[in-house]
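Peer 1: Numbering (the UniProt record's numbering), first residue to last: 1 to 46. Beta carbons: idealized from backbone N, C-alpha and C, even for Gly. Quantities reported herein were computed from a predicted structural model and do not represent experimental measurements.
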Amino acid sequence: MDGKMLYWWQMLSEDEQNILITLLYKLDLQDYVEMDKDGKIIKLLN
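#1: Just to check, is the beta-carbon of E14 closer than 6 Å to a non-hydrogen atom of the ligand ZN?
#2: Are V33 and L20 close, meaning C-beta to C-beta below 7 Å?
#3: Cutting at 6 Å between CB atoms, please list the residues of its own chain near S13, excluding the five before and the five after it.
#4: In whole angstroms, what separates the C-alpha of D16 from that of L45?
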């Protein structure tokens, strides 16, 4: 992520980040997130 995006992301609470990551995943953007076997988000992928 570039500097502006990273700064914006860090301003969000962990809950807000998780909601956005879940939305990205549900929008069929699995290339951008990595999940464990239980469906919990592990990390964002570049």
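Peer 2: Taking the definition as stated:
#1: Of the ligands one can find in the structure shown there are none, so the ligand ZN has no counterpart to examine.
#2: In this structure, V33 keeps its C-beta atom at 7 Å or more from the C-beta atom of L20.
#3: There are no such residues.
#4: The sequence shown places Glu at residue 16, rather than the Asp named in the question. Distance between the alpha carbons of E16 and L45 is about 18 Å.
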